[in-house]
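Chains as they are written, first to last, in numbering that gives the first Met the number 0: chain P, 0 to 223; chain D, 0 to 223; chain Y, 0 to 241.
Ideal Cβ placement from N, Cα and C applies to all residues, glycine included.
Fair warning: this is a prediction, and the values are worked out from it, not measured in the lab.
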Amino acid sequence: MNRNTFDSPVTLQMVLEALAFATDAPVSVKEVCRVYAEVVGETSLPSEAAVEEALEELNDSYEIGGHTMRIQYWAGGLRMTTTESVAPFLEAFFRRERRRHLTKPLMETLAIVAYKQPATKAEIDAVRGVDSGYALRKLLELNLLAIFGRAEIIGRPMLYATTDRFLEEFGLKNLDELPNLRQAEELLGDAAFNEERTRLFMAKGLEMGDGDPSSPSSESTSTT
Amino acid sequence: MNRNTFDSPVTLQMVLEALAFATDAPVSVKEVCRVYAEVVGETSLPSEAAVEEALEELNDSYEIGGHTMRIQYWAGGLRMTTTESVAPFLEAFFRRERRRHLTKPLMETLAIVAYKQPATKAEIDAVRGVDSGYALRKLLELNLLAIFGRAEIIGRPMLYATTDRFLEEFGLKNLDELPNLRQAEELLGDAAFNEERTRLFMAKGLEMGDGDPSSPSSESTSTT
Amino acid sequence: MYRVQLQDFEGPLDLLLLLINRNEIDIFDIPIAQITNEYLSYVELIETIDLDGVAEFIYFAALLISIKARMLLPSPEMDEEGEPIDPRQEIVDRLLEYVQYKDAAETLDEQFKQRSLLFTRGEASTPIQSMVPEHEILVKRTVFDLIDTLRDVLEKAPEEPSITIAPQKHSITEQCEYIRDAVFTQGQVNFGSMVMGKTRYFIVVTFLAVLEMAYSGEVFVSSAPAGDDFVIARAEGQSFAE
């Protein structure tokens, strides 16, 4: 196994760090020792104390260096995580990611429900000019919309409304925080209301002043 | 949105690091800027240059600190990886050799598309002298190639191009980073189709960036 | 079990490059008659053994023959500027372009390997494995070297009344079993000794079985010390239970 020569020797601390980084489940101290000894070609395993010492040194060094990773010793294993201080940034990122993965029809349907709620499918279809059955099912599945009850009109159609999850995903305290309802009503009442404008509107309104007027998907560079 | 107070301010560099660490695909520089501005509550985005500077500082700091992480700039985005030096330990941990490779027909087809893109099947077949249908299907399946559209010629054949996944799997920031095509004369001159010798030559890592300006598609920087 | 395509190993341009390289020929001055004859001898054999994927080899054979014919014309063709056209130009251009992309493919392959030394987070759960199952073709020589051996062996084999050989699939399966047994018990065997004194049919079907097993990564094929034979060895870490 010992087929590699290194410019500078790889230390136990480096192995610990790399394993804590690359694995997606906690890695046991024993496992770190085993892998280290196996590759370096030592017959005796490093002590657990040595690993724990390396762990502390690493965390100290992250802190001193202003780095945002820490190695946690959880559930009998080591795992690298980010510090609490950057959590809001990661939350914001993943929220944006999830939103970006909402397709146009989903985004559009969601926007209409958000402003018209509670809304029937017929109302939504009328605004979009297309059937929203699939989009509604998908949004229910994603727990961004919920059935609010039934309208007291002929056929007693179901009423859709946004969920707490919706607020959370879009970083809103409550529905009052939805941007510029008057503008929204104008838009929604407009016959020329179209996808592009919804997107523009959602991007401007809901993305909380990132000052970028482009549609939320403009940064997706993937060709797939 | 500025709902967080921090003990010490979170810098752009820290946000970059945390995002490069936490995401499972390269995160674009723009996205780093947006997330940073959104959470910090700044209306203007940090410049891309600032992010790139932060990237270099981070990598320097990892190197100086003896850390095994590096942030790579792949497929137009940032992603944290381990250094080469710890690869044997990770391979031992995951109990597998990671010497991945594609078969010769696949690699040849991929190379032709990479340099000629967008390319039709007929163009690829012509270079290889054999049918590339199977290789193309397989490469589409692996998400290394994608259909780019159709050529405006008779039969409107499909056009193939490489994907972001290709860039990421091959550790390239963009298509400009593809090694220059070497001149056939030069290759023939050193008795190059002798497989053993070519391999030896490559193993020494001599082949890249020899400043050959004649690479045919080096100006196409984006697959989108 | 499926039939091996010749082009999974090498294509017609690879064969031409091999012939040029082996004969130390200047690619800009190809002795077209000699190369055509050598090339045809391979194509005939490939046709005889009914190896799939021969169509493209035949296309290039036709191209070579037409070049040879044009070379013999008393007055050469002229281009727009009145310069004589070398009929070989087309094939030379194609070979040069192919060499470039073959080289690029190897460079990319190296880049791919280098990149795979860098681990990302959550490595175990990334779909990287899906890249790997593309099995390695375990031939340490070109398939044409194997065909050379086959030619030698066939020449020594007893003549049979029937020349046309159309190996059935089930026979290839049987021959795979035959090789598997031998390789499993002896670790490695020489192709020559596996088919010594057998009929041409047996030899050809065994040959195809070897290609198939090399293609599926079950055996490793490399050159024999003697040079005129090849060795079939058990691929390392490969279970024969299947």
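(message) Is the beta carbon of GLU9 of chain Y closer than 8 Å to that of THR141 of chain Y?
(response) Position 142 of the third sequence, counting from 1, holds the residue named residue 141 of chain Y. Position 10 of the third sequence, counting from 1, holds the residue named residue 9 of chain Y. Against a cut-off of 8 Å, the Cβ pair of GLU9 of chain Y and THR141 of chain Y comes out as a contact.
(request) Would you kindly check if the distance between the Cβ of ALA74 of chain D and the Cβ of LEU166 of chain D is under 8 Å? (result) Here residue 166 of chain D refers to the residue found at position 167 of the second sequence. Here residue 74 of chain D refers to the residue found at position 75 of the second sequence. Between LEU166 of chain D and ALA74 of chain D, the CB-CB gap stays under 8 Å.
(request) Could you have a look at ASN189 of chain Y and say whether DSSP puts it in helix, strand or coil? (result) Translated into the one-based positions of the third sequence, residue 189 of chain Y becomes position 190. Three-state result, ASN189 of chain Y: strand.
(message) So, does the segment 137–150 of chain D touch the segment 140–156 of chain Y, judging by three or more C-beta pairs under 8 Å?
(response) With fewer than three CB-CB distances shorter than 8 Å, the segment 137–150 of chain D does not count as touching the segment 140–156 of chain Y.
(request) Work out the CA separation of CYS175 of chain Y and LEU186 of chain D for me, nearest whole Å. (result) The residue given as residue 186 of chain D occupies position 187 in the second sequence. The residue given as residue 175 of chain Y occupies position 176 in the third sequence. About 39 Å.
(request) Using the Cα positions of THR125 of chain Y and GLU140 of chain D, report the straight-line distance between them to the nearest angstrom. (result) By 1-based counting over the third sequence, the position of residue 125 of chain Y is 126. By 1-based counting over the second sequence, the position of residue 140 of chain D is 141. A caution first: THR125 of chain Y carries a pLDDT of 41, below 50, which makes its placement in the model unreliable, though a value can still be read off. Between THR125 of chain Y and GLU140 of chain D, the C-alpha separation is close to 16 Å.
(request) Quick one: list the residues of chain P neighbouring ARG120 of chain Y, beta-carbon separation under 9 Å, in chain order. (result) Indexing the third sequence from 1 puts residue 120 of chain Y at position 121. Think of a sphere of 9 Å around the beta carbon of ARG120 of chain Y: the chain P residues whose beta carbon falls inside it are PHE20, ALA21, THR22, ASP23, MET79, in chain order.
(message) As a quick exercise: from P:LEU89, P:ALA110, P:ALA36, pick the residue whose alpha carbon is nearest that of LEU91 of chain D.
(response) Taking the first residue of the second sequence as 1, we reach residue 91 of chain D at position 92. According to the sequence shown, residue 91 of chain D is Ala rather than Leu. For ALA91 of chain D, the closest of P:LEU89, P:ALA110, P:ALA36 by C-alpha to C-alpha distance is P:ALA36.
(request) Just the C-alpha distance for ALA123 of chain Y and PHE93 of chain D, rounded to the nearest angstrom, thanks. (result) Counting from one through the third sequence, the residue named residue 123 of chain Y turns up at place 124. Counting from one through the second sequence, the residue named residue 93 of chain D turns up at place 94. Residue placement at ALA123 of chain Y cannot be trusted, given a pLDDT of 45 that sits under 50; the coordinates are not used to answer.
(message) I want to verify the contact list: residues of chain Y whose CB lies under 8 Å from the CB of ILE70 of chain D, in sequence order.
(response) Taking the second sequence and counting its residues from 1, the one referred to as residue 70 of chain D is at position 71. Result: empty, since nearest Cβ-Cβ is about 11 Å, beyond 8 Å.
(request) Starting from ARG136 of chain D, find everything on chain Y with Cβ-Cβ shorter than 8 Å and list it in chain order. (result) Start at 1 with the first residue of the second sequence, and residue 136 of chain D comes out as number 137. The contacting residues do not exist; ARG136 of chain D stays about 13 Å from chain Y at best.
(message) Run through chain P and tell me which residues come within less than 7 Å of ALA17 of chain D, C-beta to C-beta.
(response) In the second sequence, the residue the question calls residue 17 of chain D occupies position 18. Here the neighbours are THR67, THR81, VAL85, PHE88, LEU89.
(message) Quick check: the Cα distance between GLN4 of chain Y and GLY52 of chain Y, rounded to an integer number of angstroms?
(response) As a working note, residue 4 of chain Y is residue 5 in the third sequence. As a working note, residue 52 of chain Y is residue 53 in the third sequence. GLY52 of chain Y has its alpha-carbon roughly 5 Å from the corresponding atom of GLN4 of chain Y.
(request) Enumerate, from N- to C-terminal direction, the unbroken beta strand (DSSP E) stretches of 3 or more residues contained entirely within the segment 122–177 of chain D. (result) The qualifying runs are 144–149, 157–161.
(request) Quickly, what does DSSP pair TYR76 of chain D with across the bridge? List them, please. (result) Start at 1 with the first residue of the second sequence, and residue 76 of chain D comes out as number 77. Strictly speaking, residue 76 of chain D in this sequence is Gly, with Tyr absent from that position. Bridge partners of GLY76 of chain D: D:SER27, D:TRP73.
(message) Counting only Cβ pairs nearer than 7 Å, list the residues of chain P close to SER60 of chain D.
(response) Translated into the one-based positions of the second sequence, residue 60 of chain D becomes position 61. By Cβ distance, chain P contributes GLY64.
(request) For the beta strand (DSSP E) holding ARG233 of chain Y, just list the boundary residues, first then last. (result) Along the third sequence, read from residue 1 onward, the residue named residue 233 of chain Y stands at position 234. In this chain, the beta strand (DSSP E) harbouring ARG233 of chain Y covers 229–233.
(request) Decide if the segment 70–89 of chain P is in contact with the segment 16–30 of chain P; the criterion is three or more beta carbon pairs, one per stretch, under 8 Å apart. (result) Touching, yes.
(message) Using CA atoms only, rank isn't needed, just tell me which of D:GLU151, D:PHE88, D:ALA160 is closest to ILE123 of chain D.
(response) For the purposes of this step, residue 123 of chain D is taken as the residue at position 124 of the second sequence. Cα-wise, what sits closest to ILE123 of chain D is D:ALA160.
(request) Give a yes or no on whether the C-beta atoms belonging to VAL50 of chain D and LEU15 of chain D are separated by under 8 Å. (result) In the second sequence, residue 50 of chain D corresponds to position 51, counting from 1. In the second sequence, residue 15 of chain D corresponds to position 16, counting from 1. Yes.
(request) Could you name the residues of the segment 24–56 of chain D whose beta carbon sits closer than 8 Å to any beta carbon of chain P, in the order they occur along the chain? (result) Against chain P - using a Cβ distance shorter than 8 Å - the residues of the segment 24–56 of chain D are VAL26, SER27, LYS29, GLU30, ARG33, VAL34, TYR35, ALA36, GLU37, VAL38, GLY40, THR42, SER43, LEU44.
(message) Here's a check: name, in chain order, each residue in its chain whose Cβ is nearer than 6 Å to the Cβ of VAL28 of chain P, leaving out the five neighbours to either side.
(response) Within the first sequence, the letter at position 29 stands for residue 28 of chain P. Here the set comprises GLU47, VAL50.
(request) Hey, could you find the ends of the beta strand (DSSP E) VAL218 of chain Y is sitting in? (result) Here the question's residue 218 of chain Y lines up with position 219 in the third sequence. In the DSSP assignment, VAL218 of chain Y falls within the unbroken beta strand (DSSP E) covering 218–222.
(message) Which residues of the segment 190–206 of chain Y have a Cβ closer than 8 Å to any Cβ of chain D? Give them in chain order.
(response) Correct list: empty, as no residue qualifies.
(request) From the DSSP output, in three-state form, read off THR81 of chain D for me. (result) Numbered from its first residue, the second sequence carries residue 81 of chain D at position 82. Three-state DSSP puts THR81 of chain D in a strand.
(message) Does the segment 200–208 of chain Y come into contact with the segment 173–187 of chain Y, if we say contact requires no fewer than three beta-carbon pairs (one atom in each stretch) closer than 8 Å?
(response) The segment 200–208 of chain Y, when compared against the segment 173–187 of chain Y, does touch it at the 8 Å Cβ threshold.
(request) For PHE169 of chain D, decide whether its Cβ has a neighbour in chain P, counting only Cβ atoms nearer than 8 Å. (result) Position 170 of the second sequence holds residue 169 of chain D. No, PHE169 of chain D does not count as interfacial toward chain P.
(request) Quick one: grab the DSSP three-state call for ASP118 of chain P. (result) Counting from 1 along the first sequence, the entry for residue 118 of chain P is found at position 119. What sits at residue 118 of chain P in the sequence shown is Ala, not Asp. It is a strand residue.
(message) Among P:MET106, P:THR10, P:THR67, P:VAL34, whose alpha-carbon lies nearest the alpha-carbon of MET13 of chain D?
(response) The sequence position of residue 13 of chain D within the second sequence is 14, counting from 1. Its Cα nearest to that of MET13 of chain D, the residue P:THR67 stands out among P:MET106, P:THR10, P:THR67, P:VAL34.
(message) Check for me: the alpha helix (DSSP H) holding MET13 of chain P runs from which residue to which?
(response) By one-based count along the first sequence, residue 13 of chain P stands at place 14. If you look at MET13 of chain P, you'll find it in the alpha helix (DSSP H) that goes 11–21.
(message) Can you check which of these residues, Y:MET195, Y:ILE231, Y:ASP227, is closest to VAL209 of chain Y by C-alpha distance?
(response) What you label residue 209 of chain Y is simply residue 210 of the third sequence in a count that begins at 1. Out of Y:MET195, Y:ILE231, Y:ASP227, the CA that lies nearest to the CA of VAL209 of chain Y is found in Y:ILE231.
(request) Count the other C-beta atoms from every protein chain shown that fall within 10 angstroms of the C-beta of ALA24 of chain P, then say buried if there are 16 or more, exposed otherwise. (result) Translated into positions along the first sequence, residue 24 of chain P becomes position 25. Around the beta carbon of ALA24 of chain P, fewer than 16 other beta carbons lie within 10 angstroms, which makes this residue exposed.
(request) For LEU138 of chain P, I'd like the list of residues in its chain whose CB is within less than 7 Å of its CB, leaving aside the five on either flank, ordered along the chain. (result) Mapped onto the first sequence, residue 138 of chain P falls at position 139. Here the set comprises LEU105, THR108, LEU109, LEU144.
(request) For THR82 of chain D, I'd like the list of residues in its chain whose CB is within less than 7 Å of its CB, leaving aside the five on either flank, ordered along the chain. (result) The residue labelled residue 82 of chain D in the question sits at position 83 within the second sequence. Correct list, in chain order: THR67, ARG69.
(request) Assign ASP78 of chain Y to one of three DSSP states: helix, strand, or coil. (result) Here residue 78 of chain Y refers to the residue found at position 79 of the third sequence. Correct three-state label for ASP78 of chain Y: coil.
(message) Only counting the same chain, and skipping five residues up and downstream in sequence, which positions put a Cβ closer than 8 Å to that of LEU12 of chain Y?
(response) What you label residue 12 of chain Y is simply residue 13 of the third sequence in a count that begins at 1. Here LEU12 of chain Y has PHE59, ARG93, LEU94, TYR97 as same chain residues with Cβ atoms under 8 Å from its own Cβ, once five neighbours each way along the sequence are excluded.
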